[in-house]
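This report refers to the structure that appears directly beneath it.
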Amino acid sequence: MLADLIDSYIEMRRACGFAFKSEGSCLRSFAAFSDSMAKNHVCNETALAWAAQAKSVQQRARRLGNVRRFARYARAEDARHEIPAAVFGSEKGPRPVPYILSEGDVQRLVHAAFLQGTHPLRQRTYGTLFALLACTGLRVSEALRLLYEDLTPDGLLIRNTKFRKSRLIPIHKTCRSALDRYIEQRRSYAPFDRHIFVSLWRKPLGVKAVETAFDSAAKAAGLPCAPARPRPTPQSLRHTFAVRSLENCPDSRDRITKHMVALSTYLGHGNVNHTYWYLEATPELLKGIADCCESFFVGAIS
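If you read the sequence shown in UniProt numbering, its first letter stands for residue 1, the second for the next number, and so on.
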């Protein structure tokens, strides 16, 4: 049965350090499809038919890529497994353009969050959460996992993040004071839960609830949104933090390199290349790149 072989493959990948959540679900779906077609081995025709069920070409390519990687693993032990052809092209499409907020946008967003809803705890929860995301650049999931004990004298301890790393995030004293005030108000509401951010149901906040609250606050704040530009999301606060940090970076080459490495570590990126991507995010940063290129070429010509 393909399902058993896929389970062993998933176990192997996770033992190598990969989270392998969506990929595992994807492959189990493929195993069920193959079983319905009475196929006990990876078959090119079956893999293409299953991958083609996805709506977009990129989704089809991603599905097929998962099967191709699994097929290589399976074929090492049994040559009857076929490695499907990559007929849907690359799995990776262009990275989406980030929505970058101005300082005024952030202030209006946080203010709107403090006014959303009728329950005081809800207002304080989302107002404090969005302000924290804006001033630290945390991932939403990282902020929602924060516990009381993660707020230390040296900053916020972010445990076992996206790439199974932990890091310490220094915070300004004003941020610390705001968190202390919120915790003091929230502690009596859900005394048996140690998460910093909780819902009105006395449970840790979920990502979907945060996205809904953000959309509501963004509309109330009047954040610009048009078909030609990306939609603001909670992740936009992280993008904005990274971009503003780069815009304020000293302009010597060595200092920029050190700043980029420090920012990559601070954001918890697994690869510094993911941080360099932010250089394309605003006209100011692109102008800096253009100016440096012009100086380089003019110097080379002269």
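Backbone N, C-alpha and C define an ideal beta-carbon position, used for all residues, glycine too.
Given this structure, state the Cα-to-Cα distance separating Ile10 from Tyr73, to the nearest angstrom. Between Ile10 and Tyr73, the C-alpha separation is close to 11 angstroms.
Specify the secondary structure class of Ile171 as computed by DSSP and reduced to three states. In this structure, Ile171 counts as coil in the three-state DSSP scheme.
Our contact map puts Leu133 next to Leu246 with C-beta atoms below 8 angstroms; I'd like the distance itself, whole angstroms only. Contact between Leu133 and Leu246 does not hold, since the beta-carbon distance rounds to 18 angstroms and is not under 8 angstroms.
Can you look up Val87 in the DSSP assignment and give me helix, strand or coil? In the structure shown, Val87 sits in coil (DSSP, three-state: anything other than H, G, I, E or B).
Output needed for Leu263: all residues of its chain with C-beta closer than 6 angstroms, excluding positions within five of it in sequence on either side, in chain order. Excluding the 5 residues flanking it on each side, Leu263 has same chain C-beta neighbours closer than 6 angstroms at Ser245, Thr275, in chain order.
Distance between beta carbons of Thr128 and Ala178, contact taken as under 8 angstroms: Rounded, the Cβ-Cβ distance is 6 angstroms, consistent with contact.
At the level of alpha carbons, what is the spacing between Ala19 and Arg108? So the alpha carbons of these two residues sit roughly 37 angstroms apart.
Excluding sequence positions up to five away, which residues of its chain have a Cβ less than 8 angstroms from the Cβ of Asp154? Apart from sequence neighbours up to five positions away, the residues of its chain that approach Asp154 with a beta-carbon distance below 8 angstroms are Leu168, Pro170, ordered along the chain.
Cutting at 8 angstroms between CB atoms, please list the residues of its own chain near Ser166, excluding the five before and the five after it. Once the five neighbours on either side are set aside, the close Cβ partners of Ser166 are Leu157, Ile158, Arg159, Asn160.
Leaving out five residues on either side along the sequence, give the residues of the same chain with a beta carbon under 6 angstroms from the beta carbon of Ala112. Answer for Ala112: Ala217, Ala220, Ala221, listed in chain order.
Shortest alpha-carbon distance to Ile83 belongs to which of Phe214, Thr46, Phe192, Ser141? The alpha carbon of Ile83 has as its nearest neighbour, out of Phe214, Thr46, Phe192, Ser141, the alpha carbon of Thr46.
Are Leu144 and Phe197 closer than 8 angstroms when you measure CB to CB? Judged by their CB atoms, Leu144 and Phe197 are nearer to each other than the 8 angstroms cut-off.
Just curious, the beta strand (DSSP E) that Gly137 is in, first and last residue? Where Gly137 is concerned, there is no enclosing beta strand (DSSP E), given that its DSSP letter is neither H nor E.
Spatial neighbours of Leu27 within its chain, please: C-beta separation below 8 angstroms, excluding the five flanking residues on both sides. If we look at Leu27 and ignore the five residues flanking it on each side, its Cβ neighbours are Ile6, Tyr9, Ile10, Asn66, Val67, Phe70.
Judging by CA-CA distance, which residue of Asn44, Trp50, Gly17, Val42 is the nearest neighbour of Phe33? With distances taken between Cα atoms, Phe33 lies closest to Trp50.
Between the CA atoms of Gly89 and Glu142 - distance to the nearest angstrom: Between Glu142 and Gly89, the alpha-carbon positions lie close to 33 angstroms from each other.
Please classify His119: does DSSP put it in a helix, a strand, or coil? Residue state, collapsed to three classes: coil.
Rounded straight-line distance, which links the Cα of Ala15 to that of Ala86: When rounded, the distance between both Cα atoms is 27 angstroms.
Report buried or exposed for Pro98, applying the criterion of at least 16 other Cβ atoms within 10 angstroms of its Cβ. Classification for Pro98: buried.
Note down the Cα distance separating Ser56 from Ala209, rounded to an integer number of angstroms. The alpha-carbon of Ser56 is positioned some 27 angstroms away from that of Ala209.
Cross-strand partners of Leu151 (DSSP beta bridge): Bridge partners of Leu151: Leu156.
Could you compute how far the alpha carbon of Asn271 sits from the alpha carbon of Ile100? Inter-residue distance for Asn271 and Ile100 is about 22 angstroms (C-alpha atoms, whole angstroms).
Can you give me the C-alpha to C-alpha distance between Ala54 and Pro204, rounded to a whole angstrom? Between Ala54 and Pro204, the C-alpha separation is close to 33 angstroms.
As assigned by DSSP and simplified to three states, the class of His195: In the displayed model, His195 falls within a strand according to three-state DSSP.
Rounded to the nearest angstrom, how far is the Cβ of Ala122 from that of Gln116, given a contact under 8 angstroms? The question names Ala, but residue 122 is Arg in the sequence shown. Contact between Arg122 and Gln116 holds, with the beta-carbon distance rounding to 7 angstroms and staying under 8 angstroms.
If we count the other Cβ atoms within 10 Å of its Cβ and call it buried at 16 or more, is Phe192 buried or exposed? Its Cβ having fewer than 16 others within 10 Å, Phe192 is exposed.
Just how far apart, CA to CA, sit Pro234 and Ala31? Rounded to whole angstroms, Pro234 and Ala31 show a C-alpha spacing of 35 angstroms.
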